[in-house]
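Residue 64 in full-length UniProt numbering sits at position 64 of the sequence shown; the count goes up by one each step and never skips.
Note that the Cβ used here is the ideal one computed from N, Cα and C, for glycine as well.
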Amino acid sequence: SSSSSSSSSSAGGAGGSGGIAARPGMTLMDELRAHVAALGGQQTSREKRKALEADLLRQVMSMQQKALMSAKEHASGVAYTKPLLTDWRPTKALASLSKTEADVLRAQHKVEVEGENIPVPCPRFADMRLPPAVMDMLKAKGILRPTPIQVQGLPVALSGRDLIGVAFTGSGKTLVFTLPLMILALQEELRMPLAGGEGPFGILLAPA
């Protein structure tokens, strides 16, 4: 036992400053076991913290999803896995574009996207088939061509897909969520006149 400890200590000393030396009254193997146990405790602590963070994230996500559901949906266990698509469609010319052609159009407007089955970008407001009154309003405000975030963001929002848009201040993001909401409200009104107390059809949450 003593010779084994001495031999191990010699090997440990050759490792330089990072080696493990035996304490008085302990063999090197005892010290090594204690060192490994300490590292294991640290690892366990980190794993517990990561598990706690992951659990908190799941709770937050669950709360966000439940906050947008009715009590009846909660009780019946309804789970939404598909977007609530609208009747909006781009012009036939754009709708017929291949994925490669759509990507080229995005690159021309410096638009980067991620996702599946992304609606084609619309480089002109006329391509979005907006109501004449909306087109007249945009023209009166001097808004003649969509900005990059509008080129891609408006088709996505108009089609009813989920969207996270990132663009600099003053790039026209506000129009991306207000215009589709106005059109949605108009469609609902045209389908069946709204009575008092009905709605809302959309909620805008924005910082002050």
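Inclusion of Gln152 and Val113 in the CB contact set at 8 Å is warranted, their separation being smaller than that value. Counting of Cβ neighbours within 10 angstroms places Phe125 among the buried residues, the total reaching 16 or more. Less than 8 Å separates the beta-carbon of Thr86 from that of Gly160. Around the beta carbon of Asp162, fewer than 16 other beta carbons sit within 10 angstroms, so the residue counts as exposed.
When the beta-carbon positions are compared, Pro180 and Leu204 stay at least 8 Å from each other.
Taking the CA atoms as reference points, His109 sits about 12 Å from Arg145. Remark: C-beta atoms of Val120 and Ala95 approach each other more closely than 8 Å.
Judged by DSSP in its simplified three-state form, Thr100 adopts helix.
Counted as a single uninterrupted DSSP element, the stretch harbouring Asp87 is not any alpha helix (DSSP H), since DSSP gives it neither H nor E.
The three-state secondary structure of Gly153, taken from DSSP, is helix.
A Cβ-Cβ distance of about 19 Å is found for the pair Leu184 and Gly196, leaving them out of contact under the 8 Å criterion. Across the structure, Ala51 and Pro132 are spaced so that their CA atoms are roughly 54 Å apart. A Cβ-Cβ distance of about 6 Å is found for the pair Lys173 and Ile149, placing them in contact under the 8 Å criterion. Of the other Cβ atoms in all chains shown, 16 or more fall within 10 Å of the Cβ of Val176; this residue is therefore buried. Taking the CA atoms as reference points, Cys122 sits about 46 Å from Arg49.
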